[in-house]
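Residue numbers (this note's numbering), protein chains in the order written: chain A, 1 to 212; chain B, 1 to 212; chain C, 1 to 212; chain D, 1 to 212; chain E, 1 to 212; chain F, 1 to 212; chain G, 1 to 212; chain H, 1 to 212. Even for Gly, the Cβ is constructed at its ideal location relative to N, Cα and C. For reference, the structure discussed in these notes is given below.
Take a look at the structure:
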């Protein structure tokens, strides 16, 4: 019964749900720029590996606002599926069909709000036999308490909570990857302090060689 | 074994337990106005959908204080069941009978304190075969630590923790709902920043049309 | 040199600056509903005492959004002064003239952001000989660190930081005030837990009389 | 598989482990006076119901310090079992024997540190078929992170985390209890703000009757 | 201009203002039991040294609730001065007269709320030439932000913020004091962890002597 | 004595001190990406207004690491002054000379660590008659406590603490500025949530015009 | 299904993964010195009991930096296994072989980052039938949110979260252990406040004997 | 009036007051190991520069416990002055005499508790014409609130708050100092993350040279 499944580049689809400018204003469990960077990094990794990406938005012509444009900019293969009002994207037949079309049985889901836009389709997908990962820090909710509650609910449903860094690292698998440099850049965007680490590293080497 | 159940307007009853003015003073895991707004929003949604609501209070003539009046004001169908001292509302036969009378097998429970007034009847109801959701942010407890502990206990018992926003959204199902405007108003009360979002939206549109 | 000045209903004007729906989304040092309630309470007290209120907004047709309508709704005497792009309202001659027109030498200033929209005119007013109070919790800024920094700057400039509760209480002066009930209502909106306190109080008395 | 067991006055024993003055200095997840009050309240309730209490201490003649005296002062029936160095009290045969002697199959365990002195015997007892509750706020650990980790471990082992307030309330069952007043006093010690609530209540009634 | 004044047992009066059960429910910058203990400790020290204590309450027959009884219980010399509605106790002539009657020019003030009930009379007293200390942790306010703001205001007015421990220690002056044991007991109530420290100390000594 | 000075584009120089990749790893009072963005925004504003910028680094060939390159990239007029080991940049004659060469008497200083690299030259400059602003959120220190302590020291020295947003806004003065769009972009980088606000705004307008 | 397994000195191996100086800079859920001390203590205990220790590092010649040297200094039996780019150490055949060579079926894993370097091999090991403990406070991650998410994932996989103190205590088993003094020293390094406790203890005894 | 004084190695004395093992248990505003390291670093710097150090302890034979031994171990020139019960070390004539004997007019004071053992002698020394620095993070107090209050009091008295890092850096003055390596080591102990930074630096250089 232990959930020990791993994500691989060729067996997974990314569902990025309701990352909209208006909804971002309601997010209080993570800084919005951090959240946004994490979503961009997922899109970039999907682009490298040609992982299917499905986006959707909730009432994007109303106060919820437009989808953040960086997803489609970074992952050209991403497919946008409109909804006709359904809160749970899994209640939109076209959305479920898009998921089926990918042929993948493992789903990585992120979105805003975690407790609604992520939790609902995640749980629905579990009920239909998918393996589901919820990327909590590429999602956002209205308070740390909401996130804590939602994590507990996801656990009970068998949805696996995961971080952006872990998703990227599971897909990367090895630094011998031919696109390792792109992964390093994505991780550097996601991990505070990593950019400075790299700068220090190259400077130290430069100094060493100068002084030799 | 995964708990993937969903709430629907026609298969659920709301149990709102011991939301009393005195007990509110002991709540430290959430701001009292936020807690109170969340309870009101649940009552409003119940009213829209005619979801059965059962309220009860613990020793309302003593220091625990009177039940917050907004529940019955907002949900006229709510039924109040008095207790004769039982801490666990499920130990009051009239309360259990009232639940049975609703004919529903899914229960959404909120109350003060979460660790006692919510956890006890939630666990008792699970033991009798109900599916139970505990609305953590329409409930309150005496410290964040208490809430953390209680969440763990609820998980072990198979009670599903949930947020107010998620309850409302699960019941709403689609923005094509005939009472979507009422839901928007309820969510706006529950979600910090949403009211300002709507104001900005309409102002931006007004400006756009003026400038045309 | 000690700043021991007091506010009185007849010697003060309220300047409410840039309380706009868009700017509210950038506020992170206080919950937006709390901030908004505090501003409303100031408007209500101003209405009771006919204290001059001057409002202004920064680029209200752009993303900063419209002024919150509750101020003018609650304080009909409030005067709105438009600006033509000036960040510091005190750089707008019409604004300074409006202040002069009040004939008051004590100014209570609140606004969003504290570090800019409050601090700038507050410091400018000090430089021109006014006594100035900055209502920190009827204002908002982008982080607790910003607020801490701004408090230090205001102190150095001789601007007196104050809370909404303190402003209302200084104006009230005595519970024998003919409008004491209105003040109690305003304070109840501003002070978490106070509403429940009042409910408990009256219930306890009702019980006592019933049981007699 | 859902853990829905309840505590009753006649089917439970309390194990209070290593509540020692020296160990208290290492506690950082709860204020020491709060922790100590919670332990005292458990002892008082045990005294009322004659619930078996077993205490033990780890190296009480060394820096860990003496057992807090209030336990035995409040619960005269408590039995102290010395250990000969065992970290896990369940590794001390006399301790296990003392538990067996109570004839109870439900154990309520509290102690310092939660991650060691509570978790070890709790897990050992589960392994031998007991139902075990760990009272997290009558226990203490060296950081909030330790507590979070330990809660997760306890959940995996099937140990039920619980709060002091919940233990007392489960044992109380009904305010018609003949010793309800003693329970109220114990809860008032455990619940911040409750003492003031009671004072306000009686004052309000007194005023009502005076004014009549 | 540096404020280097010290408190001595014979040149100071204590003003304890509005420590009322109802107002305690609005306090969020300090735990209520801690606040209450700190006030009791001040009363005990005043009793030892016969320092004049003046208490007062704001509308004690309304929801603000009764004065905490421990002050007068511990400091029998304390004088209660009723008010007829004045928010600022210094606006009550009988209160100012009571202060004058003490003949002291240094005032130690504590109360609830800090931003109102402490700040107002503190600033008024400064304006009349007193040296004033505000005991921030024997006072309470509605949020940490309120406290931060009020500290800044007090500084500008020349009111010296101080802790309960510092007040007691300044009065004590030397552990050769004939009532040193009473001071130790008061400090032990005020300082978390100190009680356990003393227990450990005596146990260690007892063990040392046994083992000799 | 009140410090009411304002910054203007033509009377100020920016001193950016020791923003080095290694030192960034020791910063704990602000997120490093936020800190870095704030420094970049200052450089951009300096470029727009041709405000003199002086940079310097402490032992950039050692573990402190290289200066962040974005400063000189964004502000081509910036002058780098090397030091020969001095901790306080003001102890380096070439640095003081560079400051004098600007001819400005108002200095805006930011750097890492605030308590050392900002505080030392800020205080030295005050001692020589400059007016000095310390940009606390374009600086970093090793703990929130360090920042709190340093703010207090700066206040005593007459150094004015300020935020990045306030510096930019004081220089901007009016949205009629010919480079207002560049300022908006800089502020959007500095202020969390502002980017999303702008996106929502334009989408709302687009929808309004479509629907017309 | 309850996970009640215990660690014993002779049935466990320690896997210490990617404790590298560069990665330490990205750790934000625990103070780096604390994390490092905890790892040292595990190494010391392993040395006492001759528990197999396997270390590995991720790209130690790049910005991730060198392995902290204290592990091999304290546990001479530790075996270092290089990787050829694999993120998940369990994907390195030599690493898995090293684990198999120990002959142990219980694994205690710590590393940086928890969500990647600990979680991946922990889950992989579970999948192959090992019992796995993840030492959360001898590991580090980039935010408290990451840790919270990772704990939930580990629970779902059946990995047991544990603290350093608990690992040491489970191995110690009894203070009659012949190397009890070494354990006390290790625990004193891991537990804040314990060193001072010991100092106080011996001083108190010394005083008692002097005074006799 | 601006306090712009600097510390120099030859014009300052260090007063380290009541750093005792028992009192450390009451410290809650800083981790005890951090506090202790900071004090050690001050002692080491004093040893390098032969800065006079005076230590004293409050009732070191009672529960307050013995002075931490590392001070005298690291600074052999340190002079211990016993007290006969005085809380304020400045009330002990031998202590004041010892200060006078140093001939220094600038005093750097640290101790436990900040609000008492640091604040009292600091203020007394100011009153006698000394320039005084209070090292807040080489001191400790019983809550963050206590520290905040004490900082405000110290400011009013003209005592300059400072950090350990700042004291060391002001004394160091230049990295050309002949004992720069010893300073680097002391700073590395005081600054979290610095040790790892140095390790990374040398490893990067080693790799660069290997690869050349």
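Cβ pair residue i, residue j closer than 8 Å
{"i": "residue 213 of chain F", "j": "residue 191 of chain H", "result": "The structure shown does not extend to residue 213 of chain F, since chain F spans only 1 to 212, so no value can be given for it."}
{"i": "residue 132 of chain C", "j": "residue 13 of chain C", "result": "no"}
{"i": "residue 32 of chain H", "j": "residue 138 of chain H", "result": "no"}
{"i": "residue 209 of chain B", "j": "residue 212 of chain F", "result": "yes"}
{"i": "residue 95 of chain F", "j": "residue 116 of chain F", "result": "no"}
{"i": "residue 135 of chain G", "j": "residue 163 of chain G", "result": "yes"}
{"i": "residue 68 of chain C", "j": "residue 143 of chain C", "result": "no"}
{"i": "residue 119 of chain A", "j": "residue 83 of chain A", "result": "no"}
{"i": "residue 122 of chain H", "j": "residue 2 of chain E", "result": "no"}
{"i": "residue 79 of chain E", "j": "residue 54 of chain E", "result": "yes"}
{"i": "residue 111 of chain B", "j": "residue 19 of chain B", "result": "yes"}
{"i": "residue 147 of chain D", "j": "residue 126 of chain B", "result": "no"}
Endpoints, beta strand (DSSP E) assigned at residue i
{"i": "residue 239 of chain B", "result": "In the structure as shown, chain B starts at 1 and stops at 212, and residue 239 of chain B therefore has no counterpart that could be examined."}
{"i": "residue 150 of chain E", "result": "Element bounds for residue 150 of chain E: not the beta strand (DSSP E) but the alpha helix (DSSP H), 144 to 157."}
{"i": "residue 104 of chain F", "result": "Element bounds for residue 104 of chain F: n/a, residue is neither H nor E."}
{"i": "residue 15 of chain C", "result": "12 to 17"}
{"i": "residue 134 of chain D", "result": "131 to 135"}
Extent of the continuous alpha helix (DSSP H) run through residue i
{"i": "residue 73 of chain G", "result": "70 to 74"}
{"i": "residue 206 of chain A", "result": "194 to 211"}
{"i": "residue 92 of chain E", "result": "Residue 92 of chain E -> no alpha helix (DSSP H), and no H or E assigned at all."}
{"i": "residue 34 of chain H", "result": "32 to 49"}
{"i": "residue 53 of chain G", "result": "No alpha helix (DSSP H) holds residue 53 of chain G; the beta strand (DSSP E) holding it covers 53 to 56."}
{"i": "residue 186 of chain G", "result": "180 to 190"}
CA-to-CA distance, residue j to residue i, given in whole angstroms
{"i": "residue 108 of chain D", "j": "residue 174 of chain C", "result": "54 Å"}
{"i": "residue 17 of chain H", "j": "residue 177 of chain G", "result": "39 Å"}
{"i": "residue 288 of chain B", "j": "residue 9 of chain B", "result": "Since the displayed chain B opens at 1 and closes at 212, residue 288 of chain B lies outside it and no answer follows."}
{"i": "residue 44 of chain F", "j": "residue 113 of chain C", "result": "22 Å"}
{"i": "residue 169 of chain H", "j": "residue 6 of chain H", "result": "11 Å"}
{"i": "residue 207 of chain H", "j": "residue 200 of chain H", "result": "10 Å"}
{"i": "residue 48 of chain F", "j": "residue 11 of chain F", "result": "15 Å"}
{"i": "residue 187 of chain G", "j": "residue 50 of chain A", "result": "50 Å"}
{"i": "residue 85 of chain G", "j": "residue 57 of chain G", "result": "10 Å"}
{"i": "residue 179 of chain D", "j": "residue 36 of chain B", "result": "33 Å"}
{"i": "residue 185 of chain B", "j": "residue 165 of chain B", "result": "12 Å"}
Using 8 Å as the threshold, is the region 194 to 212 of chain G in touch with the region 58 to 67 of chain G, meaning 3 or more CB pairs across them? no
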